[in-house]
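Trainee: Once you've had a glance at the structure underneath, I'll fire off some questions.
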Amino acid sequence: MRTRTAIALVATTAAAGVTGLALAQPAYADVTVHPAAAYTCEVDANNVNYRTGPGVKYPSLGQVNKGFLFQSNGLHQPSNPNDEWETYIRSGRPTAYIAARYVAWCSPN
1 MRTRTAIALV
11 ATTAAAGVTG
21 LALAQPAYAD
31 VTVHPAAAYT
41 CEVDANNVNY
51 RTGPGVKYPS
61 LGQVNKGFLF
71 QSNGLHQPSN
81 PNDEWETYIR
91 SGRPTAYIAA
101 RYVAWCSPN
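Numbering follows our numbering, with no gaps: position 23 of the sequence shown is 23.
Structure below.
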């Protein structure tokens with residue numbers, strides 16, 4: 001998840017006869033935020049793709065096998081209710097997605 005963090009910069013201006021007025025001028029820096037994992041989940045099939053987005057139209061980043069445990073912050077459900085995807089939180093990397101039909105269980109952390 002990408003977010004923007006405001007960084008305050010101080011400027012001085014003369015407005016309506018007032019000098020020395022400090023105005024906050026926001027500057028933005030891109031920051032990657034990894035949401036907290038709420039669940040531990042287990043994959044129940046072999047050669048399961050994890051993808052850049054929630055659907056088979058998104059490129060595969062790799063594969064995992066039966067018994068693979070991963071951290072998730074919940075389901076992502078596109079417009080088709082039969083097509084659910086678990087988020088896969090990868091430390092230091094962008095979030096990926098695993099098709100929920102290949103997940104045996106998820107347990108709250």
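Ideal Cβ positions, reconstructed from N, Cα and C, are used throughout, including at glycine. All values derive from a computational prediction rather than experimental measurement.
1. Quick one: grab the DSSP three-state call for Ala-29.
2. Helix, strand or coil, according to DSSP, for Ala-96 in the structure here?
3. Can you have a look at Pro-94 and say buried or exposed, based on whether 16 or more other CB atoms are within 10 angstroms of its CB?
4. Tell me, which residues are paired with Glu-86 by DSSP?
5. So, are the CB atoms of Ser-72 and Glu-84 less than 8 angstroms apart?
6. How far does the beta strand (DSSP E) with Ser-60 in it extend, from its first residue to its last?
7. Using the rule of at least 16 other Cβ atoms within 10 Å of the residue's Cβ for burial, across every protein chain shown, is Ala-104 buried or exposed?
8. Between which residues of its own chain and Ala-100 is the CB-CB distance below 7 angstroms, once the five residues before and five after are set aside?
9. Would Val-43 be called buried (16 or more neighbouring beta carbons within 10 Å of its own) or exposed?
Mentor: Short version:
1. Any reading at Ala-29 must be qualified, since the residue scores a pLDDT of 41, below 50, and its modelled position is unreliable; the value itself is stated next. Per DSSP, reduced to three states, the secondary structure at Ala-29 is strand.
2. In the structure shown, Ala-96 falls within a strand segment according to DSSP collapsed to helix, strand and coil.
3. Residue burial is scored here from C-beta neighbours: Pro-94 has fewer than 16 other C-beta atoms within 10 angstroms and is therefore classed as exposed.
4. Looking at the DSSP output, Glu-86 bridges to Leu-75, Ile-98.
5. No.
6. Where Ser-60 is concerned, the enclosing beta strand (DSSP E) stretches over 60 to 64.
7. Ala-104 is exposed by the Cβ-count criterion.
8. Once the five neighbours on either side are set aside, the close Cβ partners of Ala-100 are Leu-75, Glu-84, Trp-85, Glu-86.
9. That one is buried.
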